[in-house]
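Following: one structure in structure tokens, then a few remarks.
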Amino acid sequence: MKISLQELSARLGAQLHGDPALQVQGIGTLQHAKPGDVSFFANPRYRKQLETTAASAVILAADALSFCPAAALVMDNPYLGFARVAALFAPPQERPVGIHETAWVSPDAVVHESAWIGPQASVAARARIGPDVVIGPGCVIAEEVVIGQATRLVARVTLCQGVRLGSRGLLHPGVVIGADGFGIANDSGVWVKVPQLGGVRIEDDVEIGANTTIDRGAIEDTVIEQGVKIDNQVQIGHNVRVGAHTAIAGCVAIAGSVRIGKRCAIGGAASIAGHLEIADDVFLTAASEVSKSITHRGIYSSGMPVQENQIWRKNIARFRHLDDLTRRVRRLEDHCGFTQDHDS
Amino acid sequence: MKISLQELSARLGAQLHGDPALQVQGIGTLQHAKPGDVSFFANPRYRKQLETTAASAVILAADALSFCPAAALVMDNPYLGFARVAALFAPPQERPVGIHETAWVSPDAVVHESAWIGPQASVAARARIGPDVVIGPGCVIAEEVVIGQATRLVARVTLCQGVRLGSRGLLHPGVVIGADGFGIANDSGVWVKVPQLGGVRIEDDVEIGANTTIDRGAIEDTVIEQGVKIDNQVQIGHNVRVGAHTAIAGCVAIAGSVRIGKRCAIGGAASIAGHLEIADDVFLTAASEVSKSITHRGIYSSGMPVQENQIWRKNIARFRHLDDLTRRVRRLEDHCGFTQDHDS
Amino acid sequence: MKISLQELSARLGAQLHGDPALQVQGIGTLQHAKPGDVSFFANPRYRKQLETTAASAVILAADALSFCPAAALVMDNPYLGFARVAALFAPPQERPVGIHETAWVSPDAVVHESAWIGPQASVAARARIGPDVVIGPGCVIAEEVVIGQATRLVARVTLCQGVRLGSRGLLHPGVVIGADGFGIANDSGVWVKVPQLGGVRIEDDVEIGANTTIDRGAIEDTVIEQGVKIDNQVQIGHNVRVGAHTAIAGCVAIAGSVRIGKRCAIGGAASIAGHLEIADDVFLTAASEVSKSITHRGIYSSGMPVQENQIWRKNIARFRHLDDLTRRVRRLEDHCGFTQDHDS
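This is how it looks when you write it as structure tokens:
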């Protein structure tokens, strides 16, 4: 399809700098866009690429306007604009209907006539599959699972017994929802399993990345509230609750019974210890380790960026004696007659 | 089912404080239990919830007795008591028998008549499936795999060629056992694969969490000893040996040829470098990084809990000069005439 | 098979110290090899095992010759020699041909007559499967996927729409290639999905470990260049490019748009933040965190090895005040009249 910049800017609510009649027909990166493409500029790392782009139009914020060699669509949030343009140009997604000849559906399951059950998928007894749902190839739907309208399981997703998914969800391949939480009690050196009798409830408009796992609760449910977006290889333990519109990047580990607030952003490879509470609007940078509850919104960080190996080796060797070093400094302060205003 | 507190306390070996005739019929958390429910108190974080619980009975340790508003079942290990009560009230698990119409079983495989092979599962030649085994939907059982009595593969588990599982195991969806270890040798800048000719042996009573991977050995077997409990998304490299009754929490990375002792507890997101030995009874807190062998039992830790971002930024910038800082302190000590009793 | 040390040393290009007529017939570890076995010595940790090995021959470097009680095959890179010997003795791998009776192949897919499509696998429309390809049990091949010659998908691999694999690849169970990248734009507190319209291109001779995920690009492709070796549970975000002959150990997290050079080695559990560039020939030790681009080859590290818990607790508490400690040292230096040659 083709669309004029006039119409595009109107759809985006963007301010247009350039020829309103110019037609665009695709998207591209700043570096590789061709004439006819729309691109976007949202990360200052790529300013050189902006200055030399061959795109016909670029979505950008006002402060970048002077660097743009093409028509400009000015918005406060250029990445949001790009999301909309990409959706405009995205090829329509196939959505077949019916039950594939190699799928197996229990006679006791209820599958809406507008849903699709793909090749090699299985749907167990008493499952209820809503309208417009897509169960892709190789998915396993266990007993009593409930899936709301227009949710899409791309392929090879496993939903364990009784898991409930809302509407308009998107689950990528390898996702496992509702496996037992890690509940074990020690009996004189031998582990006894704690039966995991809760379930999992995923609300509407949740996206879950490839090979992510979300465990069922021990007694009550694990809950993912509406609009939560979860990347690949995230682990969410039993009885966790993730607040609405929180985003969780890849490889995050969330231990059991954690409560995360609304609109949080959890950076990749972060980890959160069990039973903690994270307030609303908390931003954790990548690789953060949380071992205490966070009670106020804000940006929190930990972790140690790389150095050259031989410098790091020296520093980390010193770290092993940091308590001692601090005491040595105190002794020097005493010696020099400095008032001790530190609690060390 | 209903059970009186008298009978329940007898079964648990607990000391009862309360009406022995009181009937209970389910379980609940301290916060949400209803009358008729049994709850438990094992984490001091939840003391307020204990004080206001509506549960009819609470399993707890003697020192919490005075805070309990309900009947009390006093045990040294309340969580163990809860595990037993939950098992009592857990609904019986379905265990069908036979080979599902959509499963494929090689004519050269041996499947015990009391086992179940679920929908879309496949069992390859020369595999041997023991009595009461459950192979859930979508599982892949490769050639020569051996599975002991009453082991349950929930769904979509992959056992590669020759993997041996003991009895009473429980493997959650997405588990992969016996994939090739990461063995590569460098030949003038190009990697040459080292064939992985060992196998994997999992002993009895082992539980393995969703999407966990355990690689086959390069020459000898990777071994998981009896009673080991492994959470989700754990990676266990080739030729690792995990000692009996060790517990490994989620997202732990264990490199090749590591030997872990018996009764260890490895916290979530910890990592252990290759070829190390961990003694018996070692406890690693969450996110620990192990880069040397640990020869004595005890609690070990590393990692850096989050701070507010701007404080962390300052501290981590200083860390990059910690060796230098230590030298500056030494110079001050020299200046002040302090004896150098430090090796720095 | 049996082979004489004379022939074996010729094949390896190794210098033989020992009886050229001696026959060997298998491989073993230094510790458990039997007479007739070949072993190798490449890690100084195992020198004691070398000195007492029962192997008939050991591949080793010249400097270890004097510790070897058996015939020796001397090579600069003993591990490479072992890789070759193991390949020699490895049992030939089964490679059936045809389409299994329980597989489903779209009539619009093109499958080479020498390829194998295993049990419960599915191949969607317009996919093209090359000669000698093995699609193991339970694999899902989506629309328009292209797979080059002799690539092997062991089992339960998912290739999403349009993914292209080169020749001689090896993909282990649970791999997911081409799931949507994590692209979300915030619209007043609600996340809007950014359609992921790029693909994934995997070049020749790439190995990918169990449960690893590689996302499709947002606009352009995610690219894994030739000869790259990736271990288990690695996450590679959208639009990443990994240079030829780079090796990535288990549990590494690579965020979106990262560019990694050629011949790099990324240690296990390392993480790399988004949009960074890593030069050629960079070596990252295990658990490294990269938050800035690395422009020069070399060895880089971060992370904190474990200490006994109570020592670590003291040190980490001090770390939280490291900026303050550095200021205190500066004050002492001022007091002592030291020239401030530090920028602190």
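Chains as they are written, first to last, in my numbering: chain A, 1 to 344; chain R, 1 to 344; chain B, 1 to 344.
Yeah, the Cβ is synthetic: ideal placement off N, Cα and C, and Gly gets one too.
From a predicted model like this one, the values you see are computed outputs, not experimental measurements.
Within this structure, are the beta carbons of residue i and residue j separated by less than 8 Å?
i	j	result
A/N239	A/E220	yes
B/T222	A/A210	no
A/I135	A/V146	no
B/P92	B/Q120	no
B/A253	A/G130	no
R/I117	R/V110	no
B/P305	R/K292	yes
B/V234	B/C251	yes
R/G174	B/G178	no
A/L30	A/Q15	no
A/K346	A/H245	Coverage of chain A is limited to positions 1 through 344, which leaves residue 346 of chain A absent and any answer about it impossible.
R/T151	R/G169	yes
R/A72	R/H17	yes
A/S56	A/V85	no
B/I236	B/D205	no
A/D320	B/Q310	It should be noted that the sequence gives Arg, not Asp, for residue 320 of chain A. For A/R320 and B/Q310, no; Cβs fall outside 8 Å.
Can you tell me whether DSSP reads residue i as helix, strand or coil?
i	result
R/E51	helix
B/V133	coil
R/D62	Reading off the sequence shown, one finds Ala at residue 62 of chain R, where the question assumed Asp. Residue state, collapsed to three classes: helix.
R/S253	Per the sequence presented here, residue 253 of chain R reads as Ala, with Ser not at that position. R/A253 falls in the strand class under three-state DSSP.
R/S4	strand
B/K34	coil
A/S271	strand
R/R45	helix
R/A10	helix
A/P20	coil
R/T158	strand
A/H148	The question names His, but residue 148 of chain A in the sequence shown is Gly. DSSP places A/G148 in coil when its eight states are reduced to three.
B/S106	coil
R/A265	strand
R/S167	coil
A/R126	coil
R/G138	coil
B/A247	strand
A/Q15	strand
Residue i: beta carbon under 7 Å from a heavy atom of the ligand ADP?
i	result
A/L276	Looking at this structure, you won't find the ligand ADP or any other ligand, since it has none at all.
Residues of chain B with a CB under 7 Å from the CB of residue i: which are they?
i	result
A/L332	L332
R/E220	T29, H32
R/T52	Simply none; closest approach about 33 Å.
Mind pulling the chain A residues with CB within less than 7 Å of residue i?
i	result
B/A273	A286
B/H17	Near B/H17 there are no residues of chain A at all, since even the closest Cβ is about 35 Å away, more than 7 Å.
In chain B, which residues lie less than 9 Å from residue i when you measure between Cβ atoms?
i	result
R/M75	None at all; the shortest Cβ gap to chain B is about 27 Å.
Would you mind telling me which residues of chain R sit closer than 9 Å to residue i, beta carbon to beta carbon, in chain order?
i	result
B/M1	Simply none; closest approach about 14 Å.
B/E207	D180, F182, I184, W191, K193
For a contact defined as C-beta to C-beta under 8 Å, what are the partners of residue i on chain A?
i	result
R/Q307	Y300, S301, S302
Could you work out which residues of chain A lie near residue i, taking near to mean beta carbons separated by less than 9 Å?
i	result
B/V200	Residues of chain A passing the Cβ test: none, with the nearest at roughly 12 Å.
Using the beta-carbon of each residue, which ones in chain B are nearer than 8 Å to residue i?
i	result
A/C336	L332, H335, C336
message: At a CB distance below 7 Å, what residues from the stretch 223-255 of chain R approach chain B? Give them in sequence order.
response: Within the stretch 223-255 of chain R, the residues whose Cβ lies closer than 7 Å to some Cβ of chain B are Q233, Q235, G237, A253, A255, listed in chain order.
field: 3-residue-minimum beta strand (DSSP E) runs that sit fully inside the stretch 173-242 of chain R, ordered along the chain
entry: 176-179, 184-187, 190-193, 200-202, 213-215, 222-224
query: Which parts of the stretch 276-344 of chain B are runs of the alpha helix (DSSP H), unbroken and 4 residues or longer, counting only runs that do not cross its ends?
result: Complete alpha helix (DSSP H) runs here, min 4: 309-319, 322-335.
field: Residues from the stretch 148-162 of chain R in contact with chain A, defined by Cβ distance under 8 Å
entry: Cβ contacts with chain A come from V154, A155, R156.
query: When Cβ atoms are compared, which residues of the stretch 163-191 of chain R fall closer than 8 Å to chain C?
result: Protein chains A, R and B are contained in the structure displayed, whereas chain C is not.
query: If contact means a Cβ-Cβ distance below 9 Å, which residues of the stretch 281-295 of chain R contact chain A?
result: T285, A286, A287
query: In the stretch 77-110 of chain R, which residues sit with their C-beta less than 8 Å from some C-beta in chain B, listed in chain order?
result: T102, W104
- request: Pull out every residue of the stretch 127-148 of chain A whose Cβ sits closer than 9 Å to any Cβ of chain R, in chain order.
  value: Answer set for the stretch 127-148 of chain A: G138, C139, V140, I141, A142, E143.
- prompt: In chain order, what residues of the stretch 316-328 of chain A put their CB closer than 7 Å to some CB of chain B?
  reply: I316, F319, R320, L322, D323, T326
task: Only counting runs of 3 or more residues, tell me where the beta strand (DSSP E) segments fall wholly within the stretch 57-104 of chain A, in order along the chain.
output: 57-60, 71-74
- request: Can you give me, in chain order, the residues of the stretch 23-46 of chain A that have a beta carbon less than 8 Å from any beta carbon in chain B?
  value: Here the close residues are I27, G28, T29, H32, N43, R45.
message: Which residues of the stretch 110-123 of chain A have a Cβ closer than 9 Å to any Cβ of chain B? Give them in chain order.
response: G118, P119, Q120
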